[in-house]
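Since the structure comes first, as structure tokens, the remarks are kept for the end.
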Amino acid sequence: MLTSISPVGEAGRGQRWTITVTAFTLASLAAGTLLGGALGLIGARIAASPLVGAWSPAIAAVVLAAIAVMGASVDAGRLSFTVPSWQRQVDERWLTSFRGWVYGAGFGAQLGAAVLTVVPTAATYVAFSAALLVAGVSGQAVAGAAIGATFGLGRAIPVLATIRWRDPEQLRTSFRRFDAGRAQASSVTVAGQLVVAAGAVALVPFVVS
10 MLTSISPVGE AGRGQRWTIT VTAFTLASLA AGTLLGGALG LIGARIAASP LVGAWSPAIA
70 AVVLAAIAVM GASVDAGRLS FTVPSWQRQV DERWLTSFRG WVYGAGFGAQ LGAAVLTVVP
130 TAATYVAFSA ALLVAGVSGQ AVAGAAIGAT FGLGRAIPVL ATIRWRDPEQ LRTSFRRFDA
190 GRAQASSVTV AGQLVVAAGA VALVPFVVS
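Mapped onto the working numbering, the consecutive letters of the sequence shown carry residue numbers 10 to 218.
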């Protein structure tokens, strides 16, 4: 899909890249925000429940740290199980069946919603676990929505990065570079989850009452 929604691919279909990518980005942002907001609402409702009360910030931080460490271990191949995922991709037949803004929005919404297509990394679950836990601690569903929005924008970055792909050879060269950088990208993802874990643990002394 990355090579398809590029200035080269859009020009070949008679579509405008800017319109397609704008639709993709907005839909991905909206879908991520909605999912994060829904989890945030659940967390906030639990925190407001008289049976549960506000979540302990220290416990929430430790739980998030544990989830992040587990996610990093899965992505690093240190654990034997794989990330739970629905094994489907966006339907590329849409590229020749609909206008650019339609498939742009459709693809963006599916990717921004995180779990409607293949989940490539455990970091997805770490992000939305954070949406649930942070909202539970703060009592504000908007905290979850903010995390979801960040995730949605992140899913749009690879498509936005195609802006300079102006001819087929440049497209092929850039795609080979992306493919060659998969190992480094995986390492960055693992490191990012470990940073989240370390940050959560570092907060514990400050939130213990």
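Glycine included, every Cβ here is placed at the ideal spot set by N, Cα and C.
Nearest to glycine 41 by alpha-carbon distance, out of Val204, Ala189, Tyr134, is Tyr134. Counting along the chain, valine 92 sits inside no alpha helix (DSSP H), nor does DSSP assign it H or E at all.
Glycine 145 is positioned such that its CB atom lies no closer than 8 Å to that of isoleucine 76. CA-to-CA, the gap between isoleucine 51 and glutamine 179 works out to about 46 Å.
DSSP places arginine 175 outside any alpha helix (DSSP H), giving it a letter other than H or E. The Cβ atoms of tryptophan 110 and isoleucine 28 lie closer than 8 Å to each other.
Pairing glycine 113 with glycine 163, the inter-Cα distance amounts to about 16 Å.
C-alpha of valine 199 to C-alpha of serine 82: approximately 8 Å in a straight line. Phenylalanine 107 sits in coil when the DSSP states are folded into three classes, being neither helix nor strand. Less than 8 Å divides the Cβ of phenylalanine 137 from the Cβ of leucine 44. About 7 Å separates the Cβ atoms of proline 16 and threonine 171, confirming a contact at the 8 Å cut-off. Annotated as distal: serine 183 and leucine 120, with beta-carbon spacing of 8 Å or more. A distance of 8 Å or more separates the beta carbons of alanine 140 and leucine 35.
Tryptophan 95 counts as exposed, since fewer than 16 other C-beta atoms from the protein chains shown sit within 10 angstroms of its C-beta.
Here the C-alpha atom of valine 197 lies approximately 41 Å from the C-alpha atom of proline 59.
Cβ neighbours of glycine 201 within its own chain (closer than 7 Å, five residues either side excluded): Ala132. Taking C-beta separations shorter than 8 Å and ignoring five residues to either side along the sequence, the partners of glycine 115 in its chain run Ala36, Val99, Trp103, Phe107, following chain order. Shown here, leucine 125 sits in coil according to DSSP, grouped into three states, outside any helix or strand. DSSP, read as helix, strand or coil, puts serine 65 in coil. Aspartate 84 sits in a helix when the DSSP states are folded into three classes.
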